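J.:
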Amino acid sequence: MARIYKDGDADLSVIRGKVVAVLGYGIQGRAWALNMRDSGVKVIVGVRPGKSFDLARQEGFEVYPVGDAVRRADIIAVLLPDMVQPSVWGSEIAPGLRRGMTVVFAHGFNIRFGLIRPPSDVDVVLIAPKAPGKAVRDEFVRGWGVPALVAVHQDFTGSALKTALAIAKANGFTRVGVIETTFAEETETDLIGEQNVLVGGLLQLLRYGFEVMVELGYQPEVAYFEAINEAKLIMDLIWERGLTGMLLGVSETARYGGLTVGPYVINEDVKRRMKEAAEKVRSGEFAKEWIAEYQRGAPRLRELLEQVSNSQVERVGEFLRQLMRSK
């Protein structure tokens, strides 16, 4: 069984009196900074000049260039985009690190695949919320939170886990539950889930479902509603009630058809290819591919995104979304 930490397992006094620098003021960075400040933690923001810098200052934070924020802090939360982190680490973060500091990551990619190698005299921990930044803030404000994962990569001080749990509590994560994991497990499962299900698998399933009905002669607008629009309703049922609850929440016809046809369409061959994709993540092959793609300026990513943007399903979807928004 996984170890799950709750509010009673975390002590905010561990980080009170310390300065936490949130590096990056995007959706996650802003949510963390506001939540921790509301929890009584001293928070400063490190970000480059621009809109994020101005917004953080408008919202009452002391804002500094990244390197200055690191030098002023006891704890840094690295909430910059994953692929930006290595260059910023080398030029602005690493030079300001001091013995005994704590470095917090929200995703383990750069540690797991060796793009960032922290010095041995700092604590390195992971706090990975399992929700977008907007939900991290919204749930905190309403007195609740979102679940998160916690891991310790390097425990120089002997108190790394206590510090990580205090940061998690300051963000409301321990109100729900924080599951203990490792940097490798968090990173690999995150990538595998994105590719096989949440982004890759789901996107392709929806597109094929739409295309099959259109190719059979059905109206694109009707196909969109059946293959894509109603998918949200099904996911809402699963989120609220689980898989069985969803099945009990649809008609008997949908239940029977789904349970008999689903395994025929999404069969063992699909599962085999999912495992192959997962092994590419675990071996580091995907990371190497993505790093090389990013360093080239991501031309393949742009091409693939353009293909989706210009597809019939997107044109039909945009028309229907506009129609449903119209008064």
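UniProt numbering numbers the first residue of the sequence shown as 1 and each following residue consecutively.
For glycine and all other residues, C-beta sits at the position ideal for the given N, C-alpha and C.
All values reported here derive from a predicted model rather than from experimental measurement.
How many angstroms separate the CA atom of Glu139 from the CA atom of Gly297?
T.: 36 Å
J.: Figure out for me which residue from Gln295, Ile27, Leu12 has the closest Cα to the Cα of Arg137.
T.: Ile27
J.: Could you tell me the alpha carbon to alpha carbon distance between Ile116 and Glu230, rounded to whole angstroms?
T.: 42 Å
J.: Which residues share a DSSP beta bridge with Gln154?
T.: Val124
J.: Tell me, to the nearest whole angstrom, how far the beta carbon of Ser52 is from that of Leu12; I am working on the premise that it is less than 8 Å.
T.: So it is not a contact: roughly 27 Å between Cβ atoms.
J.: With distances taken from CA atoms, which of Asn171, Trp144, Arg142, Gly143 is nearest Val150?
T.: Asn171
J.: Helix, strand or coil: how does DSSP classify Pro129 here?
T.: strand
J.: I need the DSSP call for Glu62, collapsed to helix, strand or coil.
T.: strand
J.: With DSSP as the reference, label Leu198 as helix, strand or coil.
T.: Helix at Leu198.
J.: By alpha-carbon positions, which one of Glu318, Val176, Val212 ends up nearest to Tyr5?
T.: Taking only the C-alpha atoms, the option nearest Tyr5 is Val176.
J.: Taking a contact to mean a Cβ-Cβ separation below 9 Å, would you say Gly108 touches Leu79 in this structure?
T.: Leu79 sits away from Gly108, with the two beta carbons spaced by 9 Å or more.
J.: Would you check if there are 3 or more beta carbon pairs closer than 8 Å linking the stretch 59-70 to the stretch 94-109?
T.: yes
J.: What first and last residue would you give for the beta strand (DSSP E) that runs through Lys42?
T.: 42-46
J.: So, is Val214 buried or exposed, given that buried needs 16 or more other C-beta atoms within 10 angstroms?
T.: Around the CB of Val214, 16 or more other CB atoms lie within 10 Å, so the residue is classed as buried.
J.: Taking the alpha-carbon of Pro86 as reference, which of Lys134, Gln312, Ile291 has the nearest alpha-carbon?
T.: Ile291
J.: May I have the straight-line CA-CA distance separating Ile76 from Arg48, to the nearest angstrom?
T.: Approximately 16 Å, taken between the alpha carbons.
J.: Which word fits Val66, buried or exposed, when buried means at least 16 other C-beta atoms lie within 10 angstroms of its C-beta?
T.: buried
J.: In the DSSP assignment, the alpha helix (DSSP H) including Thr260 goes from what residue to what residue?
T.: Counted as a single uninterrupted DSSP element, the alpha helix (DSSP H) harbouring Thr260 occupies residues 252-265.
J.: Below 8 Å on the Cβ atoms is my contact criterion, and I expect Val41 with Val22 to pass it. Report the Cβ-Cβ distance as a whole number of Å.
T.: With a Cβ gap of about 10 Å, Val41 and Val22 do not count as contacting.
J.: In terms of alpha-carbon separation, which member of Pro263, Lys130, Tyr294, Gly158 lies closest to Thr187?
T.: Lys130
J.: Is DSSP giving Ile167 helix, strand or coil here?
T.: In the displayed model, Ile167 falls within a helix according to three-state DSSP.
J.: At which residues does the beta strand (DSSP E) containing Val20 begin and terminate?
T.: 19-23
J.: When the Cα of Gly193 is compared with those of Glu279, Ala164, Trp144, which residue comes out closest?
T.: Ranked by Cα distance from Gly193, the first of Glu279, Ala164, Trp144 is Glu279.
J.: Would you mind working out which of Asn35, Gly249, Arg315, Asn310 sits nearest Gly133, comparing C-alpha positions?
T.: Nearest in C-alpha terms to Gly133, of all of Asn35, Gly249, Arg315, Asn310, is Asn35.
J.: Classify Ile116 as helix, strand or coil using the three-state DSSP reduction.
T.: coil
J.: In this structure, how does DSSP classify Val270 when only helix, strand and coil are distinguished?
T.: helix
J.: Can you tell me whether Thr187 is helix, strand or coil according to DSSP?
T.: helix
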